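Following: one structure in structure tokens, then a few remarks.
Protein chains: 2
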Amino acid sequence: MRRWNAEREALAQRIAAGSAFARGKIVAAADAGALIEAVIRPFDRVCLEGDNQKQADLLARALAGVDPAKIHDLHMVQSGVVLPEHLDVFETGVAKKLDYAYSGPQAGRIAKMLFGGKIELGAVHTYLELFARYFIDLTPNVALVAAVSADRDGNLYTGPNTEDTPTVIEATAFKSGVVIAQVNEVVDKLPRVDIPGDRVHFVVEAKKPFYVEPLFTRDPGAITETQILTAMLAIKGIYEPYGVKRLNHGIGFNTAAIELLLPTFAERLGLKGKICTRFALNPHPTLIPAIESGWVEQIHCFGSEVGMDDYIEARPDIFFTGPDGSLRSNRAFCQTAGLYACDMFIGATLQIDLAGNSSTVTASRIAGFGGAPNMGSDARGRRHPAEPWLKAGREADPDGLPALRRGRKLVVQIGETFGEGNAPTFVEKLDALALAEKLGLELAPVMIYADDVTHIVTEEGIANLLLCRDKDEREQAVRGVAGYTEVGRGRDAKMVQRLRERGIIKRPEDLGINVLDVDRSLLAARSIKDLARWSGGLYRPPSKFRNW
Amino acid sequence: MRRWNAEREALAQRIAAGSAFARGKIVAAADAGALIEAVIRPFDRVCLEGDNQKQADLLARALAGVDPAKIHDLHMVQSGVVLPEHLDVFETGVAKKLDYAYSGPQAGRIAKMLFGGKIELGAVHTYLELFARYFIDLTPNVALVAAVSADRDGNLYTGPNTEDTPTVIEATAFKSGVVIAQVNEVVDKLPRVDIPGDRVHFVVEAKKPFYVEPLFTRDPGAITETQILTAMLAIKGIYEPYGVKRLNHGIGFNTAAIELLLPTFAERLGLKGKICTRFALNPHPTLIPAIESGWVEQIHCFGSEVGMDDYIEARPDIFFTGPDGSLRSNRAFCQTAGLYACDMFIGATLQIDLAGNSSTVTASRIAGFGGAPNMGSDARGRRHPAEPWLKAGREADPDGLPALRRGRKLVVQIGETFGEGNAPTFVEKLDALALAEKLGLELAPVMIYADDVTHIVTEEGIANLLLCRDKDEREQAVRGVAGYTEVGRGRDAKMVQRLRERGIIKRPEDLGINVLDVDRSLLAARSIKDLARWSGGLYRPPSKFRNW
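If you read the protein sequences in the order shown, they are chains P and V. Numbering follows UniProt numbering, with no gaps: position 486 of the first sequence is 486. Numbering follows UniProt numbering, with no gaps: position 177 of the second sequence is 177.
Right, dumping it as structure tokens:
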């Protein structure tokens, strides 16, 4: 006779074992390690919550401290590899296999550990893809999550940083997995219920806030004139002609510059209400001037941003907020919105090849993908029209039967021809390919594939890849905006000139932009202090961004 | 001075107006209409919950009964147009504009009303796309949802049919919208909490269960030998060579036949454990024999299926279930799983054209899309490898640089060459194109586009479109499996023969299948009663499927 409730029985045993360290569901911070040792079993799939923002840091430390003789060979299935502890568990043998999405701050160390064979790599995913697998073949046996507070029944309040928590818990709790939440405090009554208590088995009282990285804060003071130029090109050459209203902005100074040019440069172009009204976006501080100037109608967020909570709470017409007044973020829904309800994704990258493939992986750093592959891909399941999407579709396929012609998501890569450390952004061959060879990966870690990219913007101009009709045109369009990089210098000048005549390449002067007019005074805010001022004092920048 | 809390103030007013008909949050069924008239305002965006399964039927009737002088010009943003009341509101002027995803049972009437100009059509979406827009530009002002029970704080228990409810409520409640839930009963303590009460403003006690359509029940007694043949072809010619483990099956007798051949035909081929282990799928009764035979490891569900609840509850190792023991379904996550974590989508359609575009829209019926466009599209954001996906990618692009070659989702259309009423499945031009012209749509309602379809299976054989190298080969591959339809008879017999020699077309004999062996005795269950027997009496078919 086959048993059909092995998982349920295991759950009961795990809860019984963990209960030795709990009063009801509540566990003292000092007992977190003992709790984890009691609940987790070797070879378990474990989701340790952490993405590019919030971190279940106390539980990460506790897991890193367990006895590898008792707990070993775990398969970690988690959004972010961000804290040192996320990799320590692989050094000690507590964990063995890894499936993840983002590893920005640990990009160097994770690369070394992969080369050294310390980690058995499953795959590097985009967030929504990893969430999808939680329901099919990477369902966690144990989830270690973070919330602001809990009541004694285990109901959780995540506050503004809801992020991945509901998704992780849904996949775990409803498949007989154990959910352990660290909370800043246990209270009698929660400001709102983000997670019902019957999905939460243990609550560890951390007595201090979980760690959150202010990843989406860009100091306007650090925005260069070159970045302002690329932002002006994007607004005049892409946002305006396509009429992009629903969009996502990646992290970076180029898109921060776009946000700060909306109430100035874009407003003078008469674009208010015609572009940038609805976002799938974290609460970027650099968007405050545009919001305050009445540009923005609605924003749905993946997570919150450090220092933005009071501002968001005072702007409920713009943001999604709960009955308690504070932000309700949700990474799974915001990624879905970015995929299916946005007409543009614009972001930066580290390397672009001659076809337009791009990657943030370099020879020594594996940063992961985050949300870019999802939002920076053409959603082929999309069935609703919108003018930017239809126009892009017409450009890509001018001769197609109109009724059978699909639209296209605008996927824009924006950056300077030379990036950090003067490394060229344009390369003949992505470092990602060498890495794939070295690690024996079946797929090179390409962030956005060439066939999804529609435009490349640099200080030299815009290349519209939708209008390229063959591989050669495409290569010359890429070379034609690659400036003084080797790739740029390798251009066929005559062909680039013809591409320019056909409007495939646009220079600043083709768009009526005088490079001499580019000036930091165009930015609606020129410092973090300016942003705080725009917000009426509601934005409270983290101390590392304050110099006053 | 701009106000930033207009929505919050409107919410307070709406709740105050509705509270006249409530005790606390509880409203009597007889007062549902008065409550709705008090809460909804003209031109509101309203989500009336209903998909292809569960329906907020009491609230649908109440909305259809409001005074159009008071409530008019609503913009309905909802998954399903299924009940007559969903269209009645457009006849009376209560509603004006419609954005939706599925309209199977109302396909004829909705077509007539669109032709008659009674409905202003936004777009026909796939479910996940509509959910995405709830967070960007179709956020409901009011959501009318359905649950099994509520407590006096408004906490909701959705039971096995959770489906769209968490998504609809999240988008509405956290953007200052009003949430009204009909429940079968108000209780003191819920079996589990599916929706926290602070997101629910009013609870209408219906005193009887909401309507659920048993849409995924297929009587094995109605499966034809032709359908069994297509199922055998699919298993032998696609499931086996690609090794498809993670997948979704559409609704229909062909895929039901596949499910019923797993413990018989497929088991004899030695495929147990090698195919069909993990599904994004509703609890199809026809999957019971495969589950009982140990074929299936895990299933995540969009919704439940009438009569399957006790069976699911007794099989928690397979299904996602709550602490109360019953199924936890979730359409948004299951669609996400179907998009990103499955290697195959296989389903039926009404019409396929020469390129491979398909649609369920005919001249007089607009059935909507449901989940097919999402799950039947290549997820270009996907970054994790799996053998079926990699093999499909190699077939599509044999000369590509391996490290830069993406995999491909297997998207299979299966059906007989002649469908219901002897209408040919294969056509020169989809009716959807004529419809788009007639209604002035910017996009024809194509369900799955040619460039996403990888295989077509009919009783004549399998066409592998991945292996076609140009438009002509593709057309002849389609014609080559189109049987005696006009499209099939129009084939270039020599070219079809060459395609067969190259393995692009496979006939039953090419796969070692003798058409004379095809017999209903191959089905693991040949009646609904057989399914009930396989389940040990746990599956309780709805009365319309019982003849004993």
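The beta carbon of each residue, even a glycine, is placed where N, CA and C say it ideally should be. The structure presented is a predicted model; accordingly, all values stated were derived computationally and were not measured.
When you compare the CB positions of Q413 (chain V) and G356 (chain V), do they come within less than 9 Å of one another, or not? Locating residue 413 (chain V) in the second sequence gives position 413, where the first residue counts as 1. Locating residue 356 (chain V) in the second sequence gives position 356, where the first residue counts as 1. Cβ atoms of Q413 (chain V) and G356 (chain V): closer than 9 Å.
Per the contact definition of three or more C-beta pairs closer than 8 Å, is the stretch 485-505 of chain V in contact with the stretch 208-222 of chain V? With a cut-off of 8 Å, the stretch 485-505 of chain V and the stretch 208-222 of chain V do not count as touching, because too few Cβ pairs lie within range.
Express the C-alpha separation of Y127 (chain V) and R61 (chain V) in angstroms, rounding to a whole number. Within the second sequence, numbered from 1, the residue matching residue 61 (chain V) stands at position 61. Within the second sequence, numbered from 1, the residue matching residue 127 (chain V) stands at position 127. Rounded to the nearest whole angstrom, the CA to CA distance from R61 (chain V) to Y127 (chain V) is 23 Å.
Three-state secondary structure (DSSP) at S19 (chain P)? Start at 1 with the first residue of the first sequence, and residue 19 (chain P) comes out as number 19. Reduced to three states, the DSSP call for S19 (chain P) is helix.
Are there 16 or more other CB atoms within 10 angstroms of the CB of S149 (chain V), so buried, or fewer, so exposed? As a working mapping, residue 149 (chain V) is identified with position 149 in the second sequence. The residue is buried, with at least 16 neighbouring Cβ atoms inside 10 Å.
Within a Cβ cutoff of 6 Å, which residues of the same chain sit near D492 (chain P), ignoring the five residues on either side of it in sequence? Working through the first sequence from its first residue, we reach residue 492 (chain P) at position 492. Within the same chain, Q476 come within 6 Å of D492 (chain P) by CB-CB distance, once the 5 residues on both sides are set aside.
Contact under 9 Å by Cβ, T217 (chain P) with F545 (chain P): Counting from one through the first sequence, the residue named residue 217 (chain P) turns up at place 217. Counting from one through the first sequence, the residue named residue 545 (chain P) turns up at place 545. Yes. Within cutoff.
Does the Cβ of S377 (chain V) have 16 or more other Cβ atoms within 10 Å, making it buried, or fewer, making it exposed? For the purposes of this step, residue 377 (chain V) is identified with residue 377 of the second sequence, where counting begins at 1. Classification of S377 (chain V): buried, given that the 10 Å Cβ count is 16 or more.
When burial is assigned at 16 or more other CB atoms within 10 Å of the CB, is Q13 (chain P) buried or exposed? Here residue 13 (chain P) refers to the residue found at position 13 of the first sequence. The residue is exposed, with fewer than 16 neighbouring Cβ atoms inside 10 Å.
Nearest-angstrom Cα distance between Y539 (chain V) and P214 (chain V)? By one-based count along the second sequence, residue 539 (chain V) stands at place 539. By one-based count along the second sequence, residue 214 (chain V) stands at place 214. So the alpha carbons of these two residues sit roughly 13 Å apart.
Cβ of L114 (chain P) versus every heavy atom of the ligand MN: is any distance shorter than 8 Å? What this structure holds is no ligand at all, so the ligand MN is not there to describe.
Answer with yes or no whether the minimum CB distance from K274 (chain P) to chain V is below 9 Å. The residue you call residue 274 (chain P) lines up with position 274 of the first sequence. Not closer than 9 Å to any Cβ of chain V, the Cβ of K274 (chain P) fails to qualify, so no.
Bridge-paired residues (DSSP) for R192 (chain V): Against the second sequence, residue 192 (chain V) aligns to sequence position 192. According to DSSP, which records beta bridges pairwise, R192 (chain V) is partnered with nothing at all.
Contiguous beta strand (DSSP E) assignments of at least 3 residues, all confined to the stretch 356-422 of chain V: Counting only runs of 3 or more, we get 410-414.
Could you pull out every unbroken alpha helix (DSSP H) segment of at least 4 residues lying fully inside the stretch 14-94 of chain P, listed in chain order? You should have 32-39, 57-64, 84-92.
Which residues mark the beginning and the end of the beta strand (DSSP E) in which I169 (chain V) is found? The count along the second sequence starts at 1 and reaches residue 169 (chain V) at position 169. Counting along the chain, I169 (chain V) falls outside any beta strand (DSSP E), though it belongs to the alpha helix (DSSP H) covering 165-173.
Helix, strand or coil for A524 (chain P), going by three-state DSSP, please let me know. On the first sequence, position 524 is the one that residue 524 (chain P) refers to. Under the three-state reduction of DSSP output, A524 (chain P) falls in the coil class, being neither helix nor strand.
Residues that P373 (chain P) contacts on chain V, provided the C-beta gap is smaller than 9 Å: Here residue 373 (chain P) is taken as the residue at index 373 of the first sequence, counted from 1. Residues of chain V with a Cβ closer than 9 Å to the Cβ of P373 (chain P) are, in chain order, R380, G381, R382, R383.
Given that L390 (chain V) touches chain P, what residues does it touch there, using C-beta distances under 9 Å? Mapped onto the second sequence, residue 390 (chain V) falls at position 390. Below the 9 Å Cβ cutoff, chain P contributes E442, L443 as neighbours of L390 (chain V), in chain order.
Run the CB neighbour count on F79 (chain P), radius 10 Å, all protein chains shown included, and call it buried at 16 or more, exposed below. By 1-based counting over the first sequence, the position of residue 79 (chain P) is 79. Reading off the sequence, residue 79 (chain P) comes out as Ser, not Phe. Classification for S79 (chain P): buried.
What does F202 (chain V) reach in chain P if we use C-beta pairs closer than 7 Å? Here residue 202 (chain V) refers to the residue found at position 202 of the second sequence. Here the premise fails: no neighbours, minimum Cβ distance about 14 Å.
In the DSSP output, what is E205 (chain V) paired with across the bridge? Along the second sequence, one-based indexing puts residue 205 (chain V) at 205. Per the DSSP secondary-structure output, E205 (chain V) pairs in a beta bridge with V:A28, V:V183.
Spatially closest choice to K25 (chain P) from P:D198, P:A173, P:R394, by CA coordinates: As a working mapping, residue 25 (chain P) is identified with position 25 in the first sequence. Per the Cα distances, P:D198.
When we look at the beta-carbon of L401 (chain V) and count the other beta-carbons within 10 Å, is it buried (16 or more) or exposed? Indexing the second sequence from 1 puts residue 401 (chain V) at position 401. Exposed is the label assigned to L401 (chain V), since fewer than 16 other Cβ atoms lie within 10 Å of its Cβ.
Could you spell out the range, first to last residue, of the beta strand (DSSP E) harbouring F279 (chain P)? Here residue 279 (chain P) is taken as the residue at index 279 of the first sequence, counted from 1. F279 (chain P): member of the beta strand (DSSP E) spanning 278-280, first to last residue.
Give me the subset of the stretch 261-291 of chain V whose CB atoms are less than 7 Å from a CB atom of chain P, sorted by chain position. The stretch 261-291 of chain V vs chain P, Cβ under 7 Å: R278, A280.
Within a Cβ cutoff of 6 Å, which residues of the same chain sit near T139 (chain P), ignoring the five residues on either side of it in sequence? As a working mapping, residue 139 (chain P) is identified with position 139 in the first sequence. Excluding residues up to 5 positions away in sequence, A171, K175 lie with their Cβ nearer than 6 Å to the Cβ of T139 (chain P) in the same chain.
Looking at the strands, I want to know which residues DSSP matches up with D99 (chain V). Start at 1 with the first residue of the second sequence, and residue 99 (chain V) comes out as number 99. The partner list for D99 (chain V) (beta bridge, DSSP) reads V:V77.
Can you pull the chain V residues whose beta carbon is under 7 Å from the beta carbon of K25 (chain P), in chain order? Here residue 25 (chain P) corresponds to residue number 25 of the first sequence, with the count starting at 1. By Cβ distance, chain V contributes nothing, its closest Cβ being about 13 Å from K25 (chain P), past 7 Å.
Please report how far the alpha carbon of D343 (chain V) lies from the alpha carbon of F279 (chain V), in whole angstroms. Residue numbering aside, residue 343 (chain V) sits at position 343 when the second sequence is read from its first letter. Residue numbering aside, residue 279 (chain V) sits at position 279 when the second sequence is read from its first letter. About 10 Å.
Residues in the same chain with beta-carbon distance under 7 Å from V66 (chain V), minus the five sequence neighbours each way, listed in chain order, please. Position 66 of the second sequence, counted from the start, is the residue given in the question as residue 66 (chain V). Correct list, in chain order: G33, I36, E37, V94.
Consider the Cβ of W4 (chain V): report whether some Cβ of chain P lies at a distance smaller than 9 Å. Position 4 of the second sequence, counting from 1, holds the residue named residue 4 (chain V). For W4 (chain V), the answer is yes, since a Cβ of chain P falls inside 9 Å of its Cβ.
Within the 9 Å Cβ cut-off, does Y211 (chain V) reach chain P? Translated into the one-based positions of the second sequence, residue 211 (chain V) becomes position 211. No, because no Cβ of chain P sits closer than 9 Å to the Cβ of Y211 (chain V).
Where does N464 (chain V) sit, in a helix, a strand or coil, going by DSSP? In the second sequence, counting from the first residue as 1, residue 464 (chain V) sits at position 464. If DSSP states are grouped into helix, strand and coil, N464 (chain V) belongs with the strands.
Could you work out which residues of chain V lie near Q298 (chain P), taking near to mean beta carbons separated by less than 9 Å? Within the first sequence, numbered from 1, the residue matching residue 298 (chain P) stands at position 298. Under the 9 Å cutoff, chain V gives F135, I136, D137, T139, K175.
Contact between the stretch 326-342 of chain P and the stretch 331-339 of chain V (3+ Cβ pairs under 8 Å): Segments in contact, yes.
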